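Those letters in the first sequence? Residues 1 to 279, by full-length UniProt numbering. Here is the structure we will look at.
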Amino acid sequence: MKLATWNVNSLTVRLAHVLDWLAANPVDVLALQELKLTDDKFPHAAFAQAGYSCQCFGQKTYNGVALISRTPAWAVVKNIPGFDDDMARVISATFTLSTAPAEYSANESSLRNLNKGLRVICAYFPNGQEPGSDKFEYKLAWLDGLRAWLRTELQTYPNLVLMGDYNITFDDADVWDPEGMRDQIHCTDEERYHLQALITLGLVDAHRLFAQPPKSYSWWDYRDMAFRRNRGMRIDHILVSNALKTLVTACHIDKTPRKNERPSDHAPVVVDLQDPPRA
DNA sequence: ATGGCTAGGTTTCCTAGA
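Here you go:
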């Protein structure tokens, strides 16, 4: 089973890129961020033609997230329960495992009660703009809300994947210029503390389970030929629950679509996962 | 150098991204 996450920076502009990428990389679930469109504008028909169904949580101009999948999504939840937010940043759903018997895909309660499903959370973490700003305070409050909710989600769904645009680097290895970015947005101790706190809840960074090329990044600024010079940061992550850790067989960042005409500034991150054993 | 692109809306400049 393959899962991927991609901040597309406007699905309106990037729809053809996403469809091309899915044709070449037929993942089971694709998490999209920064749709920048409302639900009524979501291109369901184009994805249906490619064999995918979609759960979307859109917003005009900013934010917006979606889960694109080959199998139906169950128990869809939008945003973080318990955290009041007027931005569309999170969408979650349970998916049938590819090897699950047909009867387990029959309905939502069987997935939940028999623990045969995979819970997937697609998240677009706040940018934060600048340490000390109102948006930074919002980012920290949002991270508090996410952690409180995840604590219980992990109890409900042991097989859980949290993927998306985190807008946080783990450490200096995720930054092309650690000295220049020290204490800057995405690289502050406070943000990294929050990211580590998610790990402490019982999640692991799929990327670091494997040997990766040096200077592996998922985002490059549009300016100053940053992609060509590989001046980027790794801020898009796939975290899997501890129960899934030994089932992850690969994880990579696909830089190919960043070479397109009019690319997103982010690249997709892809994880390969074996099905969890049946309880 | 507080700039350098890109996208969307309030559109010929503004906010926001990261």
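C-beta: ideal position from N, C-alpha, C; glycine also. Predicted model, so just to flag it, every value in this text is computed and none were measured.
Under 7 Å between C-beta atoms of Ile91 and Cys122: yes
Local conformation of His186 per DSSP, three classes: coil
Stretch-stretch touch, CB-based, cutoff 8 Å, three pairs: the region 239-257 with the region 176-187: no
Bounding residues of the beta strand (DSSP E) (the contiguous stretch that carries Phe125): Segment: none, Phe125 is in no beta strand (DSSP E) and carries neither H nor E.
Gly51 classed as buried or exposed, judged by whether at least 16 other C-beta atoms fall within 10 angstroms: exposed
Residue range of the alpha helix (DSSP H) that includes Thr12: 11-24
Whole-angstrom distance between Pro178 and Arg231, CA atom to CA atom: 11 Å
Which of helix, strand or coil DSSP assigns to Lys259: helix
Beta-carbon gap between Ala73 and Gln49 smaller than 7 Å: no
Every unbroken alpha helix (DSSP H) inside the region 34-75 [4 residues or more]: 44-49
Inter-residue Cα distance where the pair is Arg192 and Phe47: 36 Å
Stretch-stretch touch, CB-based, cutoff 8 Å, three pairs: the region 24-38 with the region 119-134: yes
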